[in-house]
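Asks:
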Amino acid sequence: MNLLNLPTCDEQDCNGVVEMIWHVCNCGSIEYVAKFKTIQVKSSRIEFDEKSGKSKNTYAIDIKPRDLIEENHFFIWCLLDNEDRPNFLVMSVQDFKNIMGESIKGISFFKDQDRQHFSAKDFGKWKKFLNNFSILE
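In case it helps, the numbering used here puts the sequence shown at residues 17 to 153.
1. Quick check on the burial criterion: 16 or more other C-beta atoms within 10 angstroms. Buried or exposed for residue 149?
2. Does the distance from the CB of residue 77 to the CB of residue 132 come in under 8 angstroms?
3. As a quick exercise: from 72, 109, 101, pick the residue whose alpha carbon is nearest that of residue 89.
4. Reducing DSSP to helix, strand and coil, say where residue 77 ends up.
5. Helix, strand or coil: which one does DSSP assign to residue 72?
6. Under the DSSP definition of a beta bridge, which residues are partnered with residue 103?
7. If you count every other CB in all the chains shown that lies within 10 Å of the CB of residue 95, and 16 or more means buried, which is it?
8. Mapping DSSP to helix, strand and coil, what is residue 137?
9. I need the DSSP call for residue 58, collapsed to helix, strand or coil.
10. Among 134, 26, 64, 106, whose alpha-carbon lies nearest the alpha-carbon of residue 58?
11. Counting C-beta neighbours from all protein chains within 10 Å, is the total for residue 43 16 or more, i.e. buried, or is it exposed?
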């Protein structure tokens with residue numbers, strides 16, 4: 017998958033790429049809008065029971081509204097499993113708003129406010145964002 021972000025021509029049916037060096041599309045148009053995406057990456061490991069030292073097979077993530085503030089901003093959470101293999105949750109601002117719903121309306125200074133815990137086996141409500149890199153194109 018090519019995740020390189022290139023400016024595209026807005027002329028109908030063109031689908032060309034505007035080369036930033038030349039500032040002109042292959043179709044001859046010089047009318048374009050520079051589009052930039054920002055990507056924020058965080059990571060989390062499997063939670064362990066402190067008393068037993070065993071895996072809980074769960075992840076805990078803190079996602080706050082301040083994490084995603086622009087419509088062209090994307091969020092990637094790298095979740096490492098028990099074998100240190102990465103799994104990625106990839107979401108947009110709107111995805112974030114939809115999944116968090118009511119839980120982000122309150123503001124608290126307490127530790128772990130809005131902390132999300134979910135199964136490392138099935139990812140719960142977060143599964144639909146698992147390895148969802150296609151939204152970055």
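Beta carbons: idealized from backbone N, C-alpha and C, even for Gly.
Replies: The answer reads as follows:
1. As a first step, residue 149 is located in the sequence shown; it is residue number 133 there, counting from the start. Residue 149 should be labelled exposed.
2. If you number the sequence shown from 1, residue 77 lands on position 61. If you number the sequence shown from 1, residue 132 lands on position 116. Their beta carbons are under 8 angstroms apart, which means residue 77 touches residue 132 by this criterion.
3. Residue mapping note: residue 89 aligns to position 73 of the sequence shown, counting from 1. Selected option, being the one with the closest Cα: 109.
4. Here residue 77 refers to the residue found at position 61 of the sequence shown. Strand.
5. As a position in the sequence shown, residue 72 is number 56, starting the count at 1. Correct three-state label for residue 72: coil.
6. As a working note, residue 103 is residue 87 in the sequence shown. Looking at the DSSP assignment, residue 103 forms a beta bridge with 95.
7. Indexing the sequence shown from 1 puts residue 95 at position 79. It counts as buried.
8. In the sequence shown, counting from the first residue as 1, residue 137 sits at position 121. DSSP places residue 137 in coil when its eight states are reduced to three.
9. Sequence index remark: in the sequence shown, residue 58 carries index 42 (1-based). In the structure shown, residue 58 sits in a strand (DSSP, three-state: E or B).
10. Counting from 1 along the sequence shown, the entry for residue 58 is found at position 42. Among 134, 26, 64, 106, the Cα nearest to that of residue 58 belongs to 106.
11. Sequence index remark: in the sequence shown, residue 43 carries index 27 (1-based). Per the 10 Å Cβ criterion, exposed.
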